[in-house]
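Number of protein chains: 2
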Amino acid sequence: MAGVRQFDEAETLSAALEVFWTKGLAATSMQDLATATGVQRGSLYNAYGDKEAIFQRAYDLYAERFLTSIADSLAGDDVEAALKAVFRTAITTMTEGAPARGCLTTKTASDGSIASPEVRARLAEMLEHFATLVRTALDRPDFRARLALDPAATADVVVTFTRGLAVMERVHGDPARLTETARAIVKALVHPAPGRAF
Amino acid sequence: MAGVRQFDEAETLSAALEVFWTKGLAATSMQDLATATGVQRGSLYNAYGDKEAIFQRAYDLYAERFLTSIADSLAGDDVEAALKAVFRTAITTMTEGAPARGCLTTKTASDGSIASPEVRARLAEMLEHFATLVRTALDRPDFRARLALDPAATADVVVTFTRGLAVMERVHGDPARLTETARAIVKALVHPAPGRAF
DNA sequence: GTCATCTTTGACACCGTTGTCAATGATGGA
DNA sequence: TCCATCATTGACAACGGTGTCAAAGATGAC
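Top line first, the protein sequences correspond to chains U and A.
So that you can map any letter, position 74 of the first sequence is 74 in this note's numbering, and since no number is skipped, the others follow by simple counting.
So that you can map any letter, position 141 of the second sequence is 141 in this note's numbering, and since no number is skipped, the others follow by simple counting.
As structure tokens, then:
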């Protein structure tokens, strides 16, 4: 091989992710990416083809980081603590940065203009993975005993609810309020005492 | 007055709403609006100023229709039925049309690119109104007795959850699944038997 | 050292969008 | 009937974005 790539791919994608996360897929231009990454527009076209291809790679980075955090949050032997940790992670992810960047998945999903089937599929896959992590973590007798719903339904509700929190963050921009709302749903999903199954 | 407006304002805003709802605020151009309404671009600039001003008016229409449907859904003497009706209304609103248009509020909220403070305030106001409708409707002894959370927290959770459903609709495009998820959260929010408060 | 290969770079044409403006036209009031 | 007023219309300039391409440059293989 000769005429070798001049930029560091990991750094570039990380910088691109930052831009996509902040501005959203549709609102980000190739020029934005070129400026943020320090890589010329032409080089980006040459290396990746188009904006959406870059997005896919950047989103993979995002999804990997997010799902890892979620998996970590679910470790532990207390259902209530686990669910609270999941929401805390989701809220932190979307309220980090100044100004807060929100949730990339939610932004992209709502961004009807571009979202190709490929991108949509990526989002769906991420959320399925998310739900699977939650469902699997919840599927143990001591946890089930304290849940208002079965693990699958609970996971579905949790994932959907984090999407709702992401929207509320966009509208109100108030992390404390999100935490409060999350606390409420956990209370509805988990019984206080360790008895009374279903 | 002379040199009088040639187009019907109600029809125009209704057509504009349709476009905004389908394409989203940012992705809609003045030309799109001109085409959809049959009113020339220049006339729209003359009458309203800019795209966002048209959006505000169209959104008011949307909010009014939506909140009316929600209020209707909340009438009745069964908590569970009321909440289910609210979710049914929300789901219907976002899955109507071919292809489904999704939820305008959620789309706009996630559409970071344009959302001016004025637009954001409008969205916040709508959701507050939504929450107030739910909270007020739930605030009666027989309903409270069956709720896992107090009316305010329940309203907050319900509103946030409908936002989550809107995002899931964008990702999966599966109305039946949304209904299933909604059924699950209602189960977590409402006790089956009429006893046991808190 | 030479060459083929690939990247980089800047330029270019094309397109859609915005916002404005002057000319035109229609209408109601005096 | 005439006129002032306002809406309409088409044209225009400016801008930003996309995608392509040819020239130039760098690098590894031979």
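The beta-carbon is built from N, C-alpha and C at its ideal position, and this holds for glycine as well.
This one's a predicted model, so the numbers in the text were calculated from it and none came from an experiment.
Within this structure, are the beta carbons of F66/A and F20/A separated by less than 8 Å? By 1-based counting over the second sequence, the position of residue 66/A is 66. By 1-based counting over the second sequence, the position of residue 20/A is 20. Not in contact: F66/A and F20/A (Cβ atoms no closer than 8 Å).
Leaving out five residues before and five after V134/A in sequence, what residues of the same chain have Cβ atoms less than 6 Å from its Cβ? The count along the second sequence starts at 1 and reaches residue 134/A at position 134. Here the set comprises A155 and V158.
Starting from the beta carbon of R120/A, find every residue of chain U whose beta carbon is closer than 7 Å, and list them in chain order. Taking the first residue of the second sequence as position 1, residue 120/A is located at position 120. Within chain U, the residues near R120/A are V171.
May I ask you to list, following chain order, the residues of the segment 75 to 86 of chain U that have a beta carbon less than 7 Å from some beta carbon of chain A? none
If you drop the 5 nearest sequence neighbours on each side, which residues of the same chain put their C-beta closer than 8 Å to that of A2/U? Here residue 2/U is taken as the residue at index 2 of the first sequence, counted from 1. In this prediction, A2/U has a pLDDT of 49, which is less than 50 and means its spatial position is unreliable; nothing more can be read from the coordinates.
In whole angstroms, what is the alpha-carbon distance linking A36/A and R57/A? As a first step, residue 36/A is located in the second sequence; it is residue number 36 there, counting from the start. As a first step, residue 57/A is located in the second sequence; it is residue number 57 there, counting from the start. Distance between the alpha carbons of A36/A and R57/A is about 16 Å.
Kindly say whether S284/U, judged by its beta-carbon, lies nearer than 8 Å to any beta-carbon of chain A. Shown here, chain U extends from 1 to 198; a query on residue 284/U therefore has no answer.
So is A63/A buried or exposed if we call it buried at 16+ other beta carbons inside 10 Å? Translated into the one-based positions of the second sequence, residue 63/A becomes position 63. Flag for A63/A reads buried.
Within the same chain, show all residues whose beta-carbon is closer than 6 Å to that of K107/U, passing over the 5 residues directly before and after it, in chain order. What you label residue 107/U is simply residue 107 of the first sequence in a count that begins at 1. G24.
List the residues of chain A that M168/U touches, going by C-beta distances under 7 Å, in chain order. The count along the first sequence starts at 1 and reaches residue 168/U at position 168. Correct list: T160 and R163.
For V190/U, which of helix, strand or coil comes out of DSSP? If you number the first sequence from 1, residue 190/U lands on position 190. If DSSP states are grouped into helix, strand and coil, V190/U belongs with the strands.
If you draw a straight line from the C-alpha of F198/U to the C-alpha of R5/U, how long is it? By one-based count along the first sequence, residue 198/U stands at place 198. By one-based count along the first sequence, residue 5/U stands at place 5. Note that F198/U scores a pLDDT of 47, beneath 50, so its modelled location is shaky; the value from the coordinates is reported in the next line. So the alpha carbons of these two residues sit roughly 59 Å apart.
Name the chain A residues that come within less than 7 Å of T132/U, Cβ to Cβ? Locating residue 132/U in the first sequence gives position 132, where the first residue counts as 1. Those within 7 Å of T132/U in chain A number zero; the least Cβ separation is about 15 Å.
Any beta-carbon of chain A closer than 8 Å to the one on T12/U? Along the first sequence, one-based indexing puts residue 12/U at 12. Judged by the 8 Å Cβ criterion, T12/U is not in contact with chain A.
Considering only the beta carbon of each residue, do G102/U and R170/U sit closer than 8 Å? Locating residue 102/U in the first sequence gives position 102, counting from the first residue. Locating residue 170/U in the first sequence gives position 170, counting from the first residue. In this structure, R170/U lies closer than 8 Å to G102/U by Cβ.
Taking all protein chains shown into account, do 16 or more other C-beta atoms lie within 10 angstroms of the C-beta of T68/U, making it buried, or fewer, making it exposed? Sequence index remark: in the first sequence, residue 68/U carries index 68 (1-based). Exposed, because fewer than 16 other Cβ atoms sit within 10 Å of the Cβ of T68/U.
Could you check the C-alpha separation between P99/U and S116/A for me, to the nearest Å? To locate residue 99/U, count along the first sequence from 1; it is residue 99. To locate residue 116/A, count along the second sequence from 1; it is residue 116. Straight-line Cα distance between these residues: approximately 14 Å.
S29/U, buried or exposed, once every other Cβ within 10 Å from all chains shown has been counted against 16: For the purposes of this step, residue 29/U is taken as the residue at position 29 of the first sequence. Exposed: under 16 other Cβ atoms inside 10 Å.
Buried versus exposed call for A42/U [16 or more other C-beta atoms within 10 Å across all chains shown]: Your numbering for residue 42/U matches position 42 in the first sequence. Before going on, a small fix: residue 42/U reads as Gly here, not Ala. When all chains shown are included, G42/U counts as exposed.
Tell me the residue span of the alpha helix (DSSP H) that contains G164/A. For the purposes of this step, residue 164/A is taken as residue 164 along the second sequence, with counting starting at 1. G164/A -> alpha helix (DSSP H) spans P151 to H172.
For P151/A, I'd like the list of residues in its chain whose CB is within less than 6 Å of its CB, leaving aside the five on either flank, ordered along the chain. Working through the second sequence from its first residue, we reach residue 151/A at position 151. Correct list, in chain order: R135, L138 and D139.
Within the continuous alpha helix (DSSP H) that includes Q56/A, where are the two ends? Counted from its first residue, the second sequence places residue 56/A at position 56. Note, Q56/A: alpha helix (DSSP H), K51 to L74.
What residue does the alpha helix (DSSP H) around F7/A start on, and which one ends it? Locating residue 7/A in the second sequence gives position 7, where the first residue counts as 1. Element bounds for F7/A: n/a, residue is neither H nor E.
Along the segment 139 to 158 of chain A, what residues have a CB closer than 7 Å to any CB found in chain U? A148, L149, A153, D156 and V157
Could you tell me the alpha carbon to alpha carbon distance between L83/U and D8/A, rounded to whole angstroms? Counting from 1 along the first sequence, the entry for residue 83/U is found at position 83. Counting from 1 along the second sequence, the entry for residue 8/A is found at position 8. Straight-line Cα distance between these residues: approximately 52 Å.
Contact list for D102/U against chain A, beta-carbon separation under 8 Å: The count along the first sequence starts at 1 and reaches residue 102/U at position 102. Looking at the sequence provided, one finds Gly at residue 102/U rather than Asp. Within 8 Å Cβ-Cβ: S110 and G112.
Using a Cβ-Cβ cut-off of less than 7 Å, give me the residues of the segment 15 to 30 of chain A that come near chain U, in sequence order. K23, G24, A26 and A27
Rounding to the nearest angstrom, what Cα-Cα distance links N46/U and A16/U in this structure? Position 46 of the first sequence, counted from the start, is the residue given in the question as residue 46/U. Position 16 of the first sequence, counted from the start, is the residue given in the question as residue 16/U. N46/U and A16/U: Cα-Cα distance of roughly 16 Å.
To the nearest angstrom, how far is the alpha carbon of R88/U from that of A34/A? The count along the first sequence starts at 1 and reaches residue 88/U at position 88. The count along the second sequence starts at 1 and reaches residue 34/A at position 34. Approximately 45 Å between the Cα atoms of the pair.
I need the straight-line Cα distance from T179/U to E11/A, nearest angstrom please. Here residue 179/U refers to the residue found at position 179 when the first sequence is read from its first residue. Here residue 11/A refers to the residue found at position 11 when the second sequence is read from its first residue. Computed Cα separation, rounded: 42 Å.
Can you give me the Cβ contacts of D174/A inside the same chain, cut-off strictly under 7 Å, excluding the 5 residues immediately before and after it? As a position in the second sequence, residue 174/A is number 174, starting the count at 1. Excluding residues within five positions, none has a Cβ falling inside 7 Å.
Measuring straight from C-alpha to C-alpha, what distance separates T92/A and H172/A? For the purposes of this step, residue 92/A is identified with residue 92 of the second sequence, where counting begins at 1. For the purposes of this step, residue 172/A is identified with residue 172 of the second sequence, where counting begins at 1. Distance between the alpha carbons of T92/A and H172/A is about 15 Å.
For chain A, find out if any of its Cβ atoms is closer than 8 Å to the Cβ of L189/U; answer yes or no. Counting from 1 along the first sequence, the entry for residue 189/U is found at position 189. Interface residue, yes.
With DSSP collapsed to three states, give me the class of L147/U. Your numbering for residue 147/U matches position 147 in the first sequence. L147/U: strand per DSSP, three-state reduction.
Nonlocal neighbours in the same chain, by C-beta distance under 8 Å from L13/A, ignoring five residues either side: If you number the second sequence from 1, residue 13/A lands on position 13. Taken in chain order, the residues that qualify are I54, R57, A58 and L61.
Which value, in whole angstroms, describes the spacing of the CA atoms of R120/A and S110/U? Walking along the second sequence from the start, residue 120/A turns up at place 120. Walking along the first sequence from the start, residue 110/U turns up at place 110. So the alpha carbons of these two residues sit roughly 16 Å apart.
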